Amino acid sequence: MSSRRGFFLVLEGPDKSGKSTQAGLLAQALRGRGLAVAHTREPGGTSVAEGVRRILLDPALRVDARTELFLYEAARAQHVTETVRPALARGEVVVCERFTMSTDVYQGLARGLGLKTTAALNAVATGGLKPDLTIVLDVPARAFESRDPGRPLDRLEREDPAFHERVRGGYRRLARGRPKTALLDASAPADDVHRAVLAKVDKALK
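In structure tokens form, the structure reads like this:
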């Protein structure tokens with residue numbers, strides 16, 4: 034939106050690509066420079082959206098692909114209205130873990146619902162809000178098995194290897210074809226990835 038004073042940054046990528054780690058490091062670095070930062074996530078970022086998140090990620094539940102899509106969009110609508118737009122209006126830098134590209138990749142491509150469908154619902158849920166910069170963290174699908182091996186898997190993380198391959202391929206496809214989007218190799222050590230992320234963010238902020 035032209036009236037917005039803040040800056041909207043989104044970190045995207047497959048499960049276990051390091052989004053939470055990098056978002057935390059980025060928020061800390063930007064705050065260290067004196068910037069006001071709102072660090073949030075999807076699905077989540079509000080009490081309503083966090084409730085939806087628990088449903089979506091519950092491994093005990095079986096969720097139809099269309100139901101899954103509508104739940105994500107419902108959580109997003111609340112998140113944008115209650116958290117993201119107010120922070121941007123205050124002039125803050127919003128650092129968000131996942132946004133509409135996740136829906137395009139997971140539900141549009143990996144679930145096969147189609148990008149036209151996800152684009153239409155994304156537009157309704159966001160009111161047309163788009164990130165100023167999206168950074169996609171790319172890791173080989175094989176890295177999924179080696180990261181956080183002791184942590185219990187959520188419903189989406191328990192999908193079969195073919196699903197995770199479709200997710201990675203979807204991210205690589207969309208990242209290379211969209212403006213204001215950067216694809217970064219996230220298989221390096223976290224500190225190296227952080228420096229690469231920060232360099233992209235610095236360039237965009239200037």
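For the sequence shown, my numbering assigns the number 34 to the initial residue and increments by one for each residue that follows. Cβ coordinates follow ideal geometry from the N, Cα and C atoms, glycine included. Because the structure is a prediction, the values reported are computed rather than measured.
For residue 166, which residues from the same chain have a beta carbon less than 6 Å from its beta carbon, with the 5 sequence-adjacent residues on both sides left out?
-> 42, 213, 237
Can you tell me the Cβ-Cβ gap for residue 138 and residue 207, rounded? I've got them flagged as a contact below 8 Å.
-> 6 Å
Does DSSP put residue 45 in a helix, in a strand, or in coil?
-> strand
For the segment 55 to 64 and the segment 128 to 136, state whether three or more C-beta atom pairs, one from each stretch, are separated by less than 8 Å.
-> yes
Look at the alpha carbon of residue 36 and the alpha carbon of residue 113, and state the distance between them as a whole number of angstroms.
-> Here residue 36 scores only 43 on pLDDT, less than 50, and its place in the model is too uncertain to base an answer on.
Taking the C-alpha atoms as reference points, what is the distance between residue 79 and residue 45?
-> 19 Å
Boundaries of the alpha helix (DSSP H) in which residue 102 is found, first to last residue = 98 to 112
Among 66, 221, 121, 62, nearest to residue 172 - alpha-carbon criterion | 221
Residue environment, residue 92, which counts as buried when at least 16 other CB atoms sit within 10 Å | exposed
Using the Cα positions of residue 209 and residue 216, report the straight-line distance between them to the nearest angstrom.
-> 7 Å
C-beta contact flag for residue 227 and residue 82 at 9 Å | no
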